[in-house]
Amino acid sequence: MKALIQRVRRASVEVDEREVGAIGPGLLALVGVEKGDDEASADRLLHKLLHYRVFADAAGKMNLNLQQAEGGLLLVSQFTLAADTRKGLRPSFSSAAPPAEGERLFHYLLDRARAAWPTVESGEFAADMQVSLINDGPVTFLLEG
Numbered sequence: 014m015k016a017l018i019q020r021v022r023r024a025s026v027e028v029d030e031r032e033v034g035a036i037g038p039g040l041l042a043l044v045g046v047e048k049g050d051d052e053a054s055a056d057r058l059l060h061k062l063l064h065y066r067v068f069a070d071a072a073g074k075m076n077l078n079l080q081q082a083e084g085g086l087l088l089v090s091q092f093t094l095a096a097d098t099r100k101g102l103r104p105s106f107s108s109a110a111p112p113a114e115g116e117r118l119f120h121y122l123l124d125r126a127r128a129a130w131p132t133v134e135s136g137e138f139a140a141d142m143q144v145s146l147i148n149d150g151p152v153t154f155l156l157e158g
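Under this note's numbering, the first residue of the sequence shown is numbered 14, with each subsequent residue one higher.
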């Protein structure tokens with residue numbers, strides 16, 4: 014599993030012009046599930062999401078994690094993160110998990126995140142989503158679980 018994380022001042026996701034998830038300061042995580050991913054991959058990714066130090070401490074250094082910064086976590090499924098872009102000018106999605114497996118693992122990650130942290134929101138799996146954010150920094154990292 015992989016997640017493109019962005020430190021945000023705020024972020025939200027809409028489906029059919031209805032807001033389905035929103036956070037204030039925290040992390041927006043666009044999550045891709047690949048073939049071969051499993052619950053252990055999701056658990057490793059969640060550990061990184063909660064503990065990766067991307068928030069400023071009192072000295073302005075990136076030393077605080079999501080929990081220490083008391084931020085929100087917005088999880089949004091994005092199968093295009095599993096694309097192979099090494100050849101040609103069109104992405105290949107052959108490395109992406111099948112939709113049913115991707116949905117199962119995304120919901121596993123979401124359930125585990127909600128059990129571990131009180132401020133977790135999400136988009137809707139496989140929906141046409143509009144994501145809005147104010148990127149703080151900008152600070153963006155690709156995490157792999």
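C-beta atoms are modelled at their ideal positions from N, C-alpha and C, and glycine is treated no differently.
8 Å CB neighbourhood of Ala82 in its chain, flanking five on each side removed: Stepping through the sequence shown from its first residue, residue 82 is reached at position 69. So the qualifying residues of the chain are Pro38, Gly39, Phe68.
Between which two residues does the alpha helix (DSSP H) holding Leu122 run? By one-based count along the sequence shown, residue 122 stands at place 109. It spans 112-129 - the alpha helix (DSSP H) in which Leu122 sits, taken as one unbroken run.
Tyr121 versus Leu63: straight-line alpha-carbon distance, rounded: Here residue 121 refers to the residue found at position 108 when the sequence shown is read from its first residue. Here residue 63 refers to the residue found at position 50 when the sequence shown is read from its first residue. Roughly 16 Å separates the two Cα atoms.
Same chain, Cβ closer than 7 Å to Ser108, five either side skipped, listed in chain order: Here residue 108 refers to the residue found at position 95 of the sequence shown. These residues qualify, in order along the chain: Glu47, Lys48, Ala95, Asp97.
On a Cα-Cα basis, can you pick out the residue from Met142, Phe154, Pro151 that is closest to Ser25? Translated into the one-based positions of the sequence shown, residue 25 becomes position 12. It is Met142.
According to DSSP, is Ala42 part of a helix, a strand, or is it coil? Indexing the sequence shown from 1 puts residue 42 at position 29. Three-state DSSP puts Ala42 in a strand.
Tell me the residue span of the alpha helix (DSSP H) that contains Ser54. Start at 1 with the first residue of the sequence shown, and residue 54 comes out as number 41. Counted as a single uninterrupted DSSP element, the alpha helix (DSSP H) harbouring Ser54 occupies residues 52-64.
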